[in-house]
Every structure is written in structure tokens, then in C-alpha cells.
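Read through the structure below, which is laid out as C-alpha cells, and then see the notes.
Protein chains: 2
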Amino acid sequence: MPTLRIALAQVNPTVGDLEGNARLIVEWTERAAEAGAGLVVFPEMMLTGYPVEDLALRASFVDASARMLRATAELLAVERLGGIAVVTGYLDRRAGLAPRVGLPAGAPLDAAAVLYGGEVQATSAKHHLPNYGVFDEYRYFVPGDQLPVFRMPADGGEVDVAVAICEDLWQDGGPVQVCAAAGAALLAVPNASPYERGKEHVRHELCARRAREAGAALAYANMVGGQDELVFDGGSLVVDAAGRLLARGPRFESGLVVADLDLPAADPARRPGQTPVDAGDGTTITVNRLALAPQEDPARWPSEPAARPPATGTGPEPLGDLAEVYSALVLGTADYVRKNGFGSVILALSGGIDSALTTTIATDAVGPGHVHVVLMPSRYSSGHSVTDAEDLVKRQGVHARTVPIRSMVDAFESELEGLGGLAAENLQARIRGMVLMSLSNQEGHLVLTTGNKSEIATGYSTLYGDSAGGFAPIKDVLKTLVWDLARWRNAQAFERGETPPIPENSISKPPSAELAPGQLDTDSLPDYQTLDALLDDYVEKDMGAARLIAAGHDPDLVQRVIRLVDKAEYKRRQYPPGPKITQKNFGRDRRLPITSRWREPVS
Amino acid sequence: MPTLRIALAQVNPTVGDLEGNARLIVEWTERAAEAGAGLVVFPEMMLTGYPVEDLALRASFVDASARMLRATAELLAVERLGGIAVVTGYLDRRAGLAPRVGLPAGAPLDAAAVLYGGEVQATSAKHHLPNYGVFDEYRYFVPGDQLPVFRMPADGGEVDVAVAICEDLWQDGGPVQVCAAAGAALLAVPNASPYERGKEHVRHELCARRAREAGAALAYANMVGGQDELVFDGGSLVVDAAGRLLARGPRFESGLVVADLDLPAADPARRPGQTPVDAGDGTTITVNRLALAPQEDPARWPSEPAARPPATGTGPEPLGDLAEVYSALVLGTADYVRKNGFGSVILALSGGIDSALTTTIATDAVGPGHVHVVLMPSRYSSGHSVTDAEDLVKRQGVHARTVPIRSMVDAFESELEGLGGLAAENLQARIRGMVLMSLSNQEGHLVLTTGNKSEIATGYSTLYGDSAGGFAPIKDVLKTLVWDLARWRNAQAFERGETPPIPENSISKPPSAELAPGQLDTDSLPDYQTLDALLDDYVEKDMGAARLIAAGHDPDLVQRVIRLVDKAEYKRRQYPPGPKITQKNFGRDRRLPITSRWREPVS
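In order, the protein sequence lines correspond to chains A and B. Numbering follows the numbering used here, with no gaps: position 599 of the first sequence is 607. Numbering follows the numbering used here, with no gaps: position 381 of the second sequence is 389.
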């Protein structure tokens with residue numbers, strides 16, 4: 009049985025940076041070569057980044073991707089990497105196809121290519137196009153109808169490798185079924201699969217099941233990095249044809265996964281050529297069989313198994329839930345800052361838990377020297393607000409300044425006589441937002457917004473006030489999870505012998521917006537345990553009122569909270585993006601009209 | 009040849025207001041009955057409003073729609089309207105169907121029903137699901153595979169009527185082709201087709217062509233009204249089987265279109281039952297043939313042709329381009345205000361053309377007594393700013409007040425020392441935004457935002473400053489069109505013998521943001537004729553840089569403007585909604601990543 013050493017390059021491309029992404033392919037192919045791999049698999053849409061949204065509809069962009077793919081193949085050969093087979097995702101189009109209504113001429117494809125010997129040996133495209141949740145791929149792509157199966161040299165013989173893409177694993181029929189019919193020994197799968205809590209376990213199960221269905225080992229290469237709302241968490245993995253885990257990549261960081269696969273030798277009776285196969289989903293997929301000729305250019309990498317470094321193995325234990333969520337928030341924030349060209353961030357530090365956690369995430373994402381906090385006490389700020397904020401500044405070593413808002417509030421109130429109630433509360437929040445925006449304009453920092461998901465859900469925030477900013481790190485984090493993450497981060501520091509970054513008092517004191525004397529969140533909202541359980545069922549699970557009540561939520565509360573959530577839609581539309589960590593975030597995932605008279609019937 | 013009098017009820021439902029929308033069906037069926045019609049056709053998704061976005065995925069909402077449909081059928085009978093055939097759109101689901109990945113159990117349908125004799129006689133669903141531009145229907149619906157053909161009484165015999173829905177006309181194959189095979193005499197088509205400039209002509213051509221293909225008269229009933237970004241413009245029409253226009257409804261207002269159709273008598277050999285037919289698009293559609301039995305309940309409406317009021321006819325001449333755009337802006341604004349429960353609007357009046365036009369739209373939409381303007385002069389405001397604004401207030405009779413911003417600017421500048429350049433300019437705009445928001449919170453007005461499409465495209469606006477607000481009436485209007493609309497509206501007033509609402513000086517003076525001494529827009533931007541032509545090609549037509557240059561745009565300008573547009577994506581994400589009037593608005597239509605390093609290659 010031949011042995012193939014494969015590598016999964018779990019890397020972090022940037023949307024639109026075709027040159028930089030191509031450079032990543034060359035760099036990481038070199039690393040794979042140095043590790044003695046004969047095949048390296050990159051993520052989906054590696055050359056363009058993912059998702060590119062409507063850039064997929066722009067001819068100049070699609071053509072640049074296809075050109076860059078050919079250039080990359082040539083560059084690999086120039087770098088004497090032509091003898092390693094590279095599977096990578098990219099964006100292409102299929103000239104001559106009658107376009108679907110709404111698609112431009114030359115229908116775009118979520119494509120993959122096999123690069124070898126300085127050439128693009130084969131291309132294919134994603135067959136199953138996800139169009140739910142955060143995905144809109146039916147808007148952008150035509151489905152692929154090819155399964156490339158390439159024969160390549162391994163130690164002790166030749167093996168057949170097939171290529172499928174991401175969603176092709178998640179739906180029944182299609183490439184997995186055709187892979188089985190084609191008798192490929194390995195299914196290489198580029199992915200751009202965004203993080204959600206608990207998804208890693210699901211992915212592993214899925215890969216194991218599809219490997220058994222395909223009767224082939226399966227190499228799942230996932231993207232890593234943040235892109236607007238999405239965080240790709242890596243966790244690439246390799247399973248054998250029985251679904252057993254052979255190797256696993258790190259989470260939330262780049263990494264090379266290396267595995268040695270004992271694979272059945274290719275059947276010489278199966279010759280290069282094209283064969284249509286029933287895909288079991290009402291479509292036909294053409295198996296495009298080809299052979300990669302051995303390259304004359306002497307490989308620089310270790311050709312003898314004994315000379316190779318060890319394979320990766322199944323890696324560290326899976327991260328716990330809180331570690332995973334926290335890592336997603338840090339990576340999402342770090343990449344938003346970096347990929348948008350910012351060198352620093354600024355945010356309001358109130359002494360409360362939301363801004364404390366957001367500052368901690370920012371510090372972990374970009375380093376304390378790049379974090380600027382502003383203390384903006386008002387007449388309603390309690391003593392502990394200031395001392396807790398100052399305590400955090402000392403613990404983390406971030407840049408801090410104080411801008412009292414009193415005189416600005418007075419100037420507004422004297423021009424706008426009689427402002428009271430909500431208007432007076434919002435005024436303070438908006439002045440703080442303006443101070444941050446002014447400092448951002450003056451000094452070039454990205455403004456971070458500190459609102460949590462419970463607030464954003466219920467509209468317990470001020471438009472252009474505390475909601476002002478460019479990125480909202482804890483936007484998808486319910487309040488109870490904010491506390492859990494703060495405690496977890498402090499405990500983690502404690503374990504490492506470091507100073508816990510968050511003052512205990514910020515965690516333990518009752519939450520308050522401090523926009524009116526003695527104000528507490530519980531004046532306006534139910535306690536957060538109760539609220540978050542209800543929000544989880546209403547927002548995440550999309551349960552109607554009657555079902556919520558049947559599930560045990562208090563009927564009055566159901567009516568009241570649902571109304572708050574529904575009414576706040578206009579605020580959410582103007583909220584900055586933030587990293588998605590749940591099954592349904594506010595943003596790409598949950599799309600509701602602003603104008604709506606729908607009231608959930610309670611019975 | 010039998011004659012059928014049909015009515016198209018071009019009405020304005022509200023998303024989520026199932027009861028109110030059902031009431032509209034009963035009311036307008038009564039009007040149709042009074043006009044002597046035997047059949048009345050309502051718009052697509054009439055019962056729920058359109059688009060309902062993710063409400064389509066919520067079981068409680070879908071079930072409420074299906075229940076309300078049955079209740080409506082019964083209510084019609086109670087109101088002695090059971091003898092008129094009603095075709096209406098609604099939301100349903102198809103229990104038992106294996107759902108597509110991402111769709112909830114009981115796959116939703118963009119459905120239509122035939123109501124008659126107090127019962128739901130037949131249902132069907134849209135076959136072609138648009139998933140481009142502003143449409144995301146593949147996210148929500150499964151395609152319909154039924155074509156109802158109902159036989160109904162007409163004067164002098166019986167006729168067969170088929171039902172298709174909106175997009176079914178826009179794509180080849182499917183219901184139109186099956187309608188031809190089924191030999192129906194009339195194709196009744198509920199629509200929710202949003203306004204775009206010039207689309208009416210396209211619709212008319214389309215209906216004529218599809219009527220000829222179907223070999224049937226075609227009754228196109230369109231929705232009217234605003235829903236967030238979309239404006240449905242009505243313009244319902246009836247063509248005969250040769251494609252000749254027989255009747256046409258008004259634009260941008262509710263109306264009943266009545267036409268008498270001479271139709272071939274139904275073939276008695278075609279019996280009730282179900283027949284699968286090749287739809288010519290790779291699918292099969294089942295013709296569901298049924299007969300509506302004459303109702304015993306005596307109709308209250310005129311049964312004798314001679315006693316009926318005259319039919320509608322082909323209506324007034326089509327609106328000119330500017331009249332059409334202006335009407336869309338007024339209707340979109342009026343409906344956003346009304347359907348969201350606001351009684352009044354507030355906006356900043358600078359003396360410039362954007363706020364002048366926005367005020368005029370607001371006045372036309374909700375009446376001058378419900379429009380509040382705020383003059384907020386700063387140290388950089390010119391003398392004519394104030395006099396032009398005051399002139400407009402006098403012309404339109406809106407509520408006006410002046411809030412000088414000097415003292416608030418001073419308060420900020422003394423707390424934040426050294427604010428200069430952009431930060432100082434933005435500060436003024438943000439203080440104005442805050443004043444509006446404070447007054448909105450205090451007095452309950454909806455804040456209107458006055459930015460135009462040229463500004464929003466290039467980022468020539470201040471986040472949380474002039475971009476603050478709930479609705480942006482001229483968001484999709486390029487600056488040159490702003491001037492054209494202002495001149496058109498003044499000329500229209502002049503023709504009617506009214507006072508032109510917009511001061512001539514606001515139209516003729518050079519545009520300025522007045523955030524710095526002597527500032528003019530042309531300091532930062534090219535002249536608007538040049539800019540708008542370029543924006544039209546880049547934004548609307550999605551041309552890449554090389555194509556833009558080849559089309560004659562100045563290469564330096566192409567690079568500079570494209571960069572401005574690309575960089576401003578984050579601002580647009582936080583911009584309020586406004587009525588779509590072009591082929592591609594900022595919002596649902598044009599969806600680009602914020603994080604993107606893509607730079608259009610200029611060669």
C-alpha cells in the first residue's frame with residue numbers, strides 16, 4: 009500500500025489581496041515541501057479570500073483571480089516547487105455558459121485547482137452552493153459539475169486524489185458520492201467554514217461520515233482569520249477512510265498539518281478521461297481523471313521517508329467552550345484592525361464589565377501599547393466607575409485619558425431647553441460617542457464599540473452613542489456570557505501566574521448604564537439570566553411567542569421582550585459589524601424588515 | 009366569445025399586518041364587485057406584505073398567513089363576495105416536503121390562492137425564485153410546481169384562468185409555457201415588483217411578450233407602496249393575447265384597474281384533474297384544473313353588462329422620468345413614516361440643495377404641518393445659508409427653529425484640545441446630528457437624513473453627523489439628479505400656479521458642506537457632472553477600472569474616485585435606509601465586504 013505524506017496549509021488570506029494571498033501559497037507550499045509532503049491543500053477561495061460578496065460579480069476581479077492562479081502555478085515552478093501537487097481554492101468563471109438570471113456573462117465559480125509542474129492541471133467548482141445563514145452563494149455562483157481525480161506519485165506507488173469544496177461535504181449526494189464511484193483513495197477538501205460555538209465537533213463527525221461514504225481518506229483544510237463578521241477558526245483535520253482522526257490543526261491560528269496516509273494504490277485500469285456519473289442528487293457530475301507526470305526538476309525537499317520530520321498528529325486537546333469563544337473574539341478583532349490598515353484602537357472605559365472585557369480582547373488582539381481608552385465620567389458616574397476603570401488601566405497597561413463630559417452636556421442642555429428622560433440619557437451616551445469619533449479622526453484609531461448581544465437585541469443602547477464605532481468585538485455575546493468570559497480570562501491569567509486583567513469589582517457589581525441617578529439595568533430589563541435564556545430561544549432558535557411560552561418562559565416577559573427586540577431592528581441596521589460566534593448573529597445571519605407590524609401571537 | 013370583466017386591485021399592504029391586509033382584500037374585492045368584475049387579482053404576498061425577509065422562516069408567521077388566508081375566504085363569503093373569484097398572493101408552506109438545507113421544516117412558499125365561494129379553491133407557488141439584486145428568494149422559498157387553471161363563469165360562457173407569480177414572467181420556461189400547453193384564456197399574475205427608473209417600459213414589453221407566448225390575455229397586478237428600501241410603483245396592466253395594452257393602473261398610488269376581456273370559451277373536453285407538463289426549463293409542472301361552481305348567494309354587484317360602470321382604459325400617459333423618480337421618493341418616505349408609526353419628521357435645513365429637496369419631499373409626503381426643520385448655523389455658515397433656509401420655510405410653511413451650534417462646538421473644543429482638519433469639520437456635523445437626535449427623542453419625530461448618492465458613494469459625509477437619521481429620502485439620488493428634481497418640482501408648481509417650493513438660490517449656488525471657511529464641494533471632489541457619470545458606470549454598471557478608462561473617464565479620476573468609493577463601505581453599512589430608484593442602490597443591491605484590499609487594476 010503506497011504512503012502519501014500530505015500537508016494542509018491552514019492560512020489566513022485577506023479578501024482582495026490576490027498578490028499577498030498568492031505569496032502565502034508559495035510560502036506555505038515551501039513549508040509543506042520542507043516537511044516532505046507530496047501534496048498540499050489550501051482553503052477555499054484562497055486566492056481571493058472569502059467571502060468576496062459582490063466582487064464575485066465583477067469581471068475585472070474574477071479575471072484577476074484566474075490570471076493570478078496561472079501566475080501562481082508558474083511561480084511555484086520557478087521556486088522549484090513544481091513537483092508538489094497543490095490543491096487550492098480560487099475564483100473563476102465559466103465562459104460560454106448561458107448565465108443564470110442575475111449573474112453576469114461568464115458565470116462565476118467557487119473554484120478549486122490542481123497546480124503541478126508549473127501548470128494548472130485541472131479545475132473544478134463547488135457543486136452544492138449554501139444559501140442560508142450567512143451564506144448567499146446562489147447569488148454569486150453556478151454549481152460545479154466536475155470531480156477532478158488526479159493520479160500522483162506516493163511512496164511505494166501511485167494514488168488517486170479527488171477534490172471537493174466545503175459545502176460539498178455538508179449536503180447529501182454530489183461529489184462525495186461520485187468520489188466513491190470513482191474509487192479515489194483521498195478526497196482533498198478546501199474549506200472556508202466560519203466559526204460557531206460547538207461547530208468543531210460537528211465538522212469532525214461530518215468528515216468521518218463522509219470519508220466512510222466516499223470510501224476514501226479525507227483531508228479537510230480550513231481557512232483561519234477574521235473577515236468582517238466572520239471568523240474562520242482553522243481546526244483542519246485528516247481522517248482515514250474509516251473516519252478515524254489522523255491529524256488535526258490548531259484553532260484560530262495559522263498552521264501546517266502533516267499526515268502520512270496509507271492509501272490503496274491507483275488501479276491502472278482506470279485511465280485518464282472524462283466519465284459522467286449520477287451524483288445521486290438529481291444531477292450528473294463528470295469525473296475528470298488525469299495523471300500528474302513525475303517532475304524532472306529535482307525536489308529540494310526530503311524524498312526519503314526517514315529524512316522527513318515527524319507528522320503533526322492529532323494535536324492538542326480541543327479548546328473548551330469559553331477558550332474557543334474568546335479566541336474567536338480576539339482573532340476577529342485583530343484581523344479587522346490589521347486588514348483594514350489600523351495601527352491602534354480606542355474605546356470608552358466605563359468601569360463596567362462590557363468595556364472591561366472589550367478592552368481585554370483589544371489588548372490581547374493588538375497589544376496594550378496600541379489600545380487607547382477614554383474615561384468619560386458624567387454627573388451620574390459612581391465613584392467605583394472611575395476607580396474600577398483606573399484599576400483596569402493599571403492591570404493592562406493601556407493608554408488612558410479622561411475627558412469629563414459635563415461641560416459638553418451643559419452646552420447642549422442650555423441650547424436645547426427641557427431635554428429630559430430618554431433624551432437626556434441618550435445625550436450623554438452620544439457625547440461620549442462623539443468624543444471617541446473626534447479622537448479617532450484626530451489620531452487615527454479604530455473606534456471599538458462595547459455593546460453586548462443582550463443590549464443590542466433589546467435596543468438597550470443609544471444610536472450614535474454607545475453604539476458608535478467601527479467594530480464591535482462582543483456584539484454577538486450575550487451578557488451572561490460576557491461575565492463568563494471575563495471570569496474565564498481572569499482565571500486563565502491566574503493559572504499562568506499573570507495579573508488577572510479585569511478588576512473583580514467590574515465583574516461582580518450590578519450592571520448599570522449610569523445615565524440617570526442610581527440607574528440599574530434591572531430597572532429596564534429583567535435579570536440577565538432570564539433575559540438571555542429567552543433571547544437565545546427567540547433570536548437563535550426563532551421560536552414564536554406561543555412556543556416560547558410553552559417552553560416555560562413567562563408570558564408577560566415573552567411579550568415584552570419580543571416587542572423590544574422587534575422594535576430595535578432599525579438600531580441594529582446601523583450597528584457596526586462584530587465577530588459572529590453563535591448560530592445566528594445580528595447581521596448576515598438574521599435579516600428582518602425594519603418596517604413590520606407583525607406581533608407574535610401569544611396563543 | 010365570452011366576455012370577462014376583471015379587476016386588478018393595486019393596493020398597499022403593510023409587512024406583518026395580516027389583519028389589515030386581509031381587510032384590504034375584502035374592501036377592494038367589494039370595490040371590484042361594485043364595478044361588476046367577476047375576477048379580482050391582488051398583488052404577490054398580499055396577506056403578509058413583501059418582502060418579509062427572515063419572517064418567512066418563522067413557523068408562527070407562516071402558519072398565521074395560511075390561517076388568515078382561510079379566514080379571508082370565509083370573510084369574503086360572509087360579506088356576500090363569495091361569488092367573485094379572488095386571486096391573491098400569500099405566504100404558505102408545504103408540509104411533508106423534505107426541506108432544502110437551511111430551510112425550516114415545512115418549506116415556505118411564495119404562494120398564490122384562488123378564493124371563491126368561501127373557500128380556498130386552489131393554491132400554487134412561484135416557480136422561478138429571483139436571487140439577484142435586491143432579491144434573496146432562494147434563501148426563503150422552495151419553487152412551486154403547480155399551475156392552477158380554474159374555469160369560471162363569464163358573460164356568454166365559461167373561461168379558463170391560470171395563475172403565475174411575478175418572477176415567473178421574467179424567466180424563460182415554467183408557468184408561461186405550461187399555461188400555453190394548458191390552453192388557458194387568461195393568465196392572472198400577482199406581483200410585487202419594485203420600482204427602478206425606466207422599469208415600467210420593460211414590464212409592459214415583458215407582459216406583451218409573455219402573453220403572446222402563453223397565447224392568453226395577461227393581467228399583471230402590482231403592489232404599490234414603500235417597504236424599507238423598496239418602493240412598489242403599481243402600474244398594473246392588462247394585455248390581450250396579442251400583447252395589446254387594454255388597461256393600465258396609476259403609478260405610485262392605490263387603484264382598481266377594470267378591463268373587459270373577450271376570451272375564448274373553455275373547452276368542455278378539458279376536465280378537472282391534474283396533468284404533469286414539461287415546463288421547458290428542465291422541470292415538470294402539474295396543471296391543476298378545477299371548475300368554480302356558480303354561487304347561489306345572489307351577487308350584489310351589477311350582473312348585467314349594461315349596468316356596469318365603464319372599464320378603466322389605458323389610463324393617463326406614462327409619467328416622465330423625473331415625475332416618476334420624485335413620486336417614488338415621496339411614496340417611499342410617506343410609507344416609511346406612516347408604517348413605522350411616526351406622526352412627524354425632523355431634519356436639518358442648511359440652505360443647500362440636498363436639505364431643500366429632502367424637505368420638499370417630506371412636505372409632499374406628510375404635509376408641512378408634520379415637518380420640522382432645524383437651522384443650525386455655525387461660524388462657517390454663509391449669510392445666504394440662513395436666508396435661503398428661511399426662504400424655504402416661508403415657501404413651504406413647515407415648522408422651523410434655529411439652534412446655533414457655536415457653544416456646543418466650543419465646549420467640545422475646549423475639552424478636546426487641538427482638534428483640527430477633518431476632526432474639527434466632522435465635529436460640527438456630529439453636533440448637528442446630535443441636536444436632531446435629541447429633538448427626535450424629546451418630541452418623537454423621525455429624523456430624515458439628507459445625503460445624496462454622490463456623497464454616500466464617495467464617503468463625503470460624516471458618520472453620526474449628516475448621516476444620522478432613520479430614513480434617507482435621497483440616498484439613491486446622484487447630485488446632478490438632485491438638481492434636476494428640484495428644478496422639475498419648482499416647474500411643476502409654477503405650472504399649477506403654486507409657489508415653487510425651493511428657493512432658486514439653493515439650486516443655483518455652488519454646493520458646499522460649510523464645515524470650513526470658504527469650503528466648496530469642488531475642493532474635495534470633481535465637478536458633479538463628471539463625478540456622477542463615473543459613479544454611474546462604476547456603481548450601477550459595475551465596470552472595472554480598465555473598462556472605465558476605456559469608456560473615456562479620466563484615468564487619474566478613475567483611480568481616485570474608485571478608491572473613495574471602496575474606502576467608504578464602512579460608512580454605508582451604518583447609513584439609514586432610503587428609497588431605491590436605480591438599478592443598483594447602496595443597501596440590498598450592492599453588497600461588498602468592508603475588509604478588502606482589492607484595488608482595481610487600471611490596465
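Cβ coordinates follow ideal geometry from the N, Cα and C atoms, glycine included.
Collapsing the DSSP output to three states places isoleucine 92 of chain B in coil. When DSSP states are grouped into helix, strand and coil, valine 60 of chain A belongs to the coil group.
At least 9 Å separates the CB of proline 525 of chain B from every CB of chain A. If you ignore the 5 residues before and after tryptophan 491 of chain A, its C-beta comes within less than 7 Å of the C-beta of Ile361 and Ile515, all in its own chain and listed in chain order. Arginine 581 of chain A carries a helical assignment under DSSP once its states are collapsed to helix, strand and coil. The DSSP-derived three-state label of phenylalanine 420 of chain B is helix. According to the DSSP assignment, arginine 31 of chain A belongs to the alpha helix (DSSP H) that extends over 26-42.
Look at tyrosine 124 of chain B here: in three-state DSSP terms it is strand.
Counting the other Cβ atoms within 10 Å of the Cβ of glutamate 451 of chain A gives fewer than 16, which makes it exposed.
Assignment of leucine 327 of chain A by DSSP, reduced to helix, strand and coil, places it in the coil class. Looking from the CA of methionine 231 of chain A, the closest CA among A:Cys215, A:Glu213, A:Leu253 and A:Glu261 belongs to A:Glu261. With the criterion set as a beta carbon lying under 9 Å from some beta carbon of chain A, the members of the segment 437-469 of chain B are Arg438, Ile439, Gly441, Met442, Val443, Met445, Ser446, Leu447, Ser448, Asn449, Gln450 and Glu451, in sequence order. Of the candidates B:Trp178, B:Val239, B:Ala200 and B:Gly152, the residue whose Cα lies closest to the Cα of isoleucine 293 of chain B is B:Gly152.
At a cut-off of 9 Å between beta carbons, glycine 426 of chain B contacts chain A. Relative to alanine 408 of chain B, the option among B:Val379, B:Gly426, B:Ser415 and B:Pro385 whose CA is nearest is B:Val379. Of the residues B:Gly505, B:Leu454 and B:Gln436, the one whose Cα lies closest to the Cα of glycine 477 of chain B is B:Leu454. By DSSP's assignment, valine 265 of chain A forms a beta bridge with A:Leu16. Within a 10 Å sphere around the beta-carbon of glutamate 213 of chain A sit fewer than 16 other beta-carbons, which makes this residue exposed.
Look at valine 109 of chain A: its C-beta is under 9 Å from a C-beta on chain B. Nearest in C-alpha terms to glycine 125 of chain B, of all of B:Val142, B:Gly91 and B:Val95, is B:Gly91. With a beta-carbon spacing of about 29 Å, phenylalanine 50 of chain B and glycine 110 of chain B fall beyond the 8 Å limit used to define contacts. Within chain A, the residues whose beta carbon sits less than 7 Å from that of leucine 430 of chain B are Asn449, listed in sequence order. Beta-bridge partners of leucine 253 of chain B (DSSP): B:Val247. About 18 Å separates the CB atoms of valine 142 of chain A and aspartate 544 of chain A; that is not less than 8 Å, and the two are not in contact. Here asparagine 139 of chain B carries a coil assignment [DSSP, helix/strand/coil]. The Cβ of proline 585 of chain B sits closer than 9 Å to at least one Cβ of chain A.
For tyrosine 228 of chain A, the closest of A:Gly206, A:Leu238 and A:Ala267 by C-alpha to C-alpha distance is A:Ala267. Excluding the 5 residues flanking it on each side, glutamate 577 of chain B has same chain C-beta neighbours closer than 8 Å at Leu600, Pro601, Ile602 and Ser604, in chain order. Of the residues assessed, alanine 74 of chain A falls on the buried side of the cut-off, its CB having 16 or more other CB atoms within 10 angstroms. If you draw a straight line from the Cα of glutamate 463 of chain A to the Cα of valine 485 of chain A, it is about 10 Å long. Beta-bridge partners of glycine 165 of chain A (DSSP): A:Ala162. Interface criterion met: the Cβ of glutamine 582 of chain B is under 9 Å from a Cβ in chain A. Residue ranges of uninterrupted beta strand (DSSP E) with 3 or more members, entirely inside the segment 203-238 of chain A and ordered along the chain, are 225-230 and 232-235.
In the DSSP annotation of this structure, alanine 408 of chain B is not part of any alpha helix (DSSP H); the continuous beta strand (DSSP E) holding it starts and ends at 407-410.
Residues are counted here when their Cβ sits less than 8 Å from a Cβ of chain B; for the segment 245-265 of chain A the count is zero.
For glutamine 235 of chain A, the neighbours in chain B by C-beta distance under 8 Å run, in chain order, Pro601 and Thr603.
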